[in-house]
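Have a look at the structure below before the remarks.
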Amino acid sequence: TYSSFILTSLSTETSKTEYVEKSEVKNVTLWNLPLKKKLMLGFLTAGNVLHMMAYSLIAPFFPREITRIGPRFMFVAGLCVGGACAILFGLLEFCPPGTPFITLCFLTRLIEAFGMSAHTTVSFAIASNEFSDQIATVYGILEGASSFGFMIGPVAGSFLYEAGGFGLPFYVMGVSTLLGGALVFTCLPKHVDTNRTEQTPKIKLLKSLHVWVVLSIVFMCAFSSGFIDSNLAIHAETKFATSPIYIGVLFTIWSVVYAFTAPVWGWLTDKRDISIQLIVLGLIISACSHLLIGPSPILPFIPSSLWVVILALSVNSFGIGWALVPTMKCLITGARDLGFGDSLETFGVVSGLFQCFLSLGSFSGPFIGGMMVESIGFTMSATIVGFIFLSQCLVASIYFCVRHKC
1 TYSSFILTSL
11 STETSKTEYV
21 EKSEVKNVTL
31 WNLPLKKKLM
41 LGFLTAGNVL
51 HMMAYSLIAP
61 FFPREITRIG
71 PRFMFVAGLC
81 VGGACAILFG
91 LLEFCPPGTP
101 FITLCFLTRL
111 IEAFGMSAHT
121 TVSFAIASNE
131 FSDQIATVYG
141 ILEGASSFGF
151 MIGPVAGSFL
161 YEAGGFGLPF
171 YVMGVSTLLG
181 GALVFTCLPK
191 HVDTNRTEQT
201 PKIKLLKSLH
211 VWVVLSIVFM
221 CAFSSGFIDS
231 NLAIHAETKF
241 ATSPIYIGVL
251 FTIWSVVYAF
261 TAPVWGWLTD
271 KRDISIQLIV
281 LGLIISACSH
291 LLIGPSPILP
301 FIPSSLWVVI
311 LALSVNSFGI
321 GWALVPTMKC
331 LITGARDLGF
341 GDSLETFGVV
351 SGLFQCFLSL
361 GSFSGPFIGG
371 MMVESIGFTM
381 SATIVGFIFL
391 SQCLVASIYF
401 CVRHKC
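For the sequence shown, position 165 (counting from the first letter as 1) is numbered 165 according to UniProt numbering, and the numbering increases by one without interruption.
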């Protein structure tokens, strides 16, 4: 999060100058860039593809490894790999510039992605296994914790950078993660390593229409977050002449609202059994937020101002929370309907699929969204994303009505 904050701040500062000079420079698109810049963009894109592939491709087959190796060991090993890679990334400031630096950056991030994928997949599997009657509540708490981490990461990173330079934020984060892994290893009950093996073929889960409908919702929620994260900063800065500080505040609003409300939506899902209602309403709210954030050309009566963007982000955090938090419980319900038992391996399969589609959406949002913004602008791109949400809401509503219950 810290490195993303640095890059966002630099890009917004650069875009200020570019915006002032825009009237003097011919409009340049990706298609007529010089070959050198196209190659540079290709390498950057390849790096992101490899990073997200490393994070997502191992999730589907981790469940078998969870039961073979043991969830406690895999959970701690994932944390240790992530912590060690964070420390190594901080040490890269002493690396020679150029190709060696870029190569080591890619390798470090790829290995870190493997470790964190193991940790994340196992953590959701253990949580689902230990709290099988409060799955949505526990998932909401974990999602809130993740959002809180993304929220305080740039702030803590800024202070640490000012205090000790480039390496200190990564050293502190890495050591903290390693200490957390050691603490978890001593505190996590040993009984989580003893669980029966699921005999139902795993491929059966992918034959369920219910599972695919829910996974598409997971993908779209992650796509929305990635689209906004990667494109809103420059849009707000160029349209409203907003400083990087205020742009940081915009994203903080989303994180704060989501962090404190996600556990509430999880509790409501378990307490009132309203998974379907929350998901459908969340998709509608998410669609409206994308139409507002531009605002969309089909809403000419909505003023184009910063307060509308703030309102849209707040609405979006509610919508994504409503749509995303109940999905884990819905996936497990779908697995149970197919004959899967409440075993650690089952929860591992579900968690792996969930993380896989979440990662694919997180990658596709900036990548596809960036191409859309380049071609048709942010406003129209956000409008299209909004209509995709509405279409998905229609499909989900029809399916859930036919199925009668989640």
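Glycine is no exception: its CB is placed at the ideal position from the N, C-alpha and C atoms.
Between the beta-carbon of Phe357 and the beta-carbon of Ala287, is there less than 8 Å?
Residue mapping note: residue 357 aligns to position 357 of the sequence shown, counting from 1. Residue mapping note: residue 287 aligns to position 287 of the sequence shown, counting from 1. No, Cβ-Cβ distance for Phe357 and Ala287 is not below 8 Å.
Please name the residue, chosen from Asp229, Ile217, Ile274 and Lys239, that lies closest to Trp254 on a Cα-to-Cα basis.
Mapped onto the sequence shown, residue 254 falls at position 254. Checked all of Asp229, Ile217, Ile274 and Lys239; the closest Cα to Trp254 is Asp229.
Whole angstroms are fine: how far does the CA of Leu79 sit from the CA of Ser275?
Numbered from 1 along the sequence shown, position 275 holds the residue referred to as residue 275. Numbered from 1 along the sequence shown, position 79 holds the residue referred to as residue 79. Take the alpha-carbon of Ser275 and the one of Leu79: they are about 31 Å apart.
So, under 8 Å CB-CB, Leu291 and Gln392 are touching, yes? Tell me the CB distance rounded to an integer number of Å.
As a first step, residue 291 is located in the sequence shown; it is residue number 291 there, counting from the start. As a first step, residue 392 is located in the sequence shown; it is residue number 392 there, counting from the start. Actually they are not in contact, since the Cβ atoms of Leu291 and Gln392 sit about 15 Å apart, beyond 8 Å.
Measuring CB atoms only, is the region 115-128 touching the region 343-353, in the sense that at least three cross pairs come out at less than 8 Å?
Counting Cβ pairs under 8 Å, three or more are found: they touch.
Can Ser224 and Gly365 be called in contact, C-beta distance under 8 Å?
Locating residue 224 in the sequence shown gives position 224, where the first residue counts as 1. Locating residue 365 in the sequence shown gives position 365, where the first residue counts as 1. In this structure, Gly365 lies closer than 8 Å to Ser224 by Cβ.
So Ile285 is in the alpha helix (DSSP H); what residue range does that whole segment cover?
Locating residue 285 in the sequence shown gives position 285, counting from the first residue. Per DSSP, Ile285 belongs to the alpha helix (DSSP H) from Ser275 to Ile293.
Top-ranked residue by Cα proximity to Phe260, from Ser146, His119, Pro71 and Phe89
One-based indexing of the sequence shown puts residue 260 at position 260. If we check each option's Cα against that of Phe260, Ser146 comes out closest.
Cβ atoms of Thr269 and Val325: under 8 Å apart, would you say?
One-based indexing of the sequence shown puts residue 325 at position 325. One-based indexing of the sequence shown puts residue 269 at position 269. For Val325 and Thr269, yes; Cβs fall inside 8 Å.
Mapping the DSSP letters down to three states, classify Ile302 as helix, strand or coil.
Position 302 of the sequence shown, counting from 1, holds the residue named residue 302. Coil, per DSSP.
Is it buried or exposed for Trp265, if we count other Cβ within 10 angstroms and need 16 for buried?
Locating residue 265 in the sequence shown gives position 265, where the first residue counts as 1. Around the Cβ of Trp265, a 10 Å sphere holds 16 or more other Cβ atoms; the residue is buried.
Can you give me the Cβ contacts of Gly174 inside the same chain, cut-off strictly under 6 Å, excluding the 5 residues immediately before and after it?
Looking up residue 174 in the sequence shown gives position 174. So the qualifying residues of the chain are Gly83, Ala86 and Ile87.
Does DSSP classify residue 408 as helix, strand or coil?
The chain is shown from 1 up to 406; residue 408 falls before or after that span and cannot be answered.
Pick helix, strand or coil for Val76, following the three-state DSSP scheme.
Position 76 of the sequence shown, counting from 1, holds the residue named residue 76. In the structure shown, the three-state DSSP call for Val76 is helix.
C-alpha gap between Glu93 and Phe101, whole angstroms:
Translated into the one-based positions of the sequence shown, residue 93 becomes position 93. Translated into the one-based positions of the sequence shown, residue 101 becomes position 101. About 8 Å.
Start and end residues, alpha helix (DSSP H) containing Leu331
Stepping through the sequence shown from its first residue, residue 331 is reached at position 331. Here the alpha helix (DSSP H) through Leu331 covers Thr327 to Asp337.
Can we say the region 147-155 touches the region 370-387, given the rule of at least three CB pairs closer than 8 Å?
These segments do not touch.
Examine the Cβ distances between the region 358-378 and the region 175-188 and report whether three or more of them are shorter than 8 Å.
Too few Cβ pairs lie closer than 8 Å, so no.
Alpha-carbon spacing of Leu183 relative to Glu112, whole angstroms
The count along the sequence shown starts at 1 and reaches residue 183 at position 183. The count along the sequence shown starts at 1 and reaches residue 112 at position 112. Their Cα atoms are separated by approximately 20 Å.
Mind reading off the beta-carbon distance from Leu360 to Val211? Whole number of angstroms is fine, and I expect it under 8 Å.
As a working mapping, residue 360 is identified with position 360 in the sequence shown. As a working mapping, residue 211 is identified with position 211 in the sequence shown. Separation of the CB atoms of Leu360 and Val211 is rounded to 15 Å, and the pair is thereby denied contact status at 8 Å.
State the start and end residues of the unbroken alpha helix (DSSP H) segment that holds Ala163.
Working through the sequence shown from its first residue, we reach residue 163 at position 163. Element bounds for Ala163: Ile135 to Gly164.
Separation of Leu278 from Gly294, as counted between CA atoms
In the sequence shown, residue 294 corresponds to position 294, counting from 1. In the sequence shown, residue 278 corresponds to position 278, counting from 1. Taken atom to atom, the span from the alpha-carbon of Gly294 to that of Leu278 is near 25 Å.
Anticipated Cβ contact below 8 Å, Pro263 with Gly140, distance rounded
The sequence position of residue 263 within the sequence shown is 263, counting from 1. The sequence position of residue 140 within the sequence shown is 140, counting from 1. Between Gly140 and Pro263 the Cβ distance is about 4 Å, and since that is below 8 Å, they are a contact.
Own chain, CB closer than 7 Å to Ala118, minus 5 neighbours either side, in chain order:
The residue labelled residue 118 in the question sits at position 118 within the sequence shown. Correct list, in chain order: Phe62, Met74, Ala77 and Gly78.
Give the DSSP-derived three-state secondary structure of Cys356 in the structure shown.
Here the question's residue 356 lines up with position 356 in the sequence shown. Residue state, collapsed to three classes: helix.
His235 to Gly90, Cα distance in whole Å?
Here residue 235 is taken as the residue at index 235 of the sequence shown, counted from 1. Here residue 90 is taken as the residue at index 90 of the sequence shown, counted from 1. For His235 and Gly90, the distance between alpha carbons rounds to 31 Å.
Would you kindly work out how many angstroms separate the C-alpha atoms of Ile203 and Gly144, rounded to a whole number?
Counted from its first residue, the sequence shown places residue 203 at position 203. Counted from its first residue, the sequence shown places residue 144 at position 144. Going from the Cα of Ile203 to the Cα of Gly144 covers about 31 Å.
With distances taken Cα to Cα, identify the nearest neighbour of Gly149 among Met220, Ser132 and Tyr258.
Here residue 149 corresponds to residue number 149 of the sequence shown, with the count starting at 1. Of Met220, Ser132 and Tyr258, the residue nearest in Cα terms is Tyr258.
Does any heavy atom of the ligand ZN sit closer than 7 Å to the C-beta of Leu178?
No copy of the ligand ZN appears in this structure; indeed no ligand is present at all.
Is it right to say Trp322 is buried, meaning 16 or more other beta carbons lie within 10 angstroms of its own, or is it exposed?
Within the sequence shown, the letter at position 322 stands for residue 322. That one is buried.
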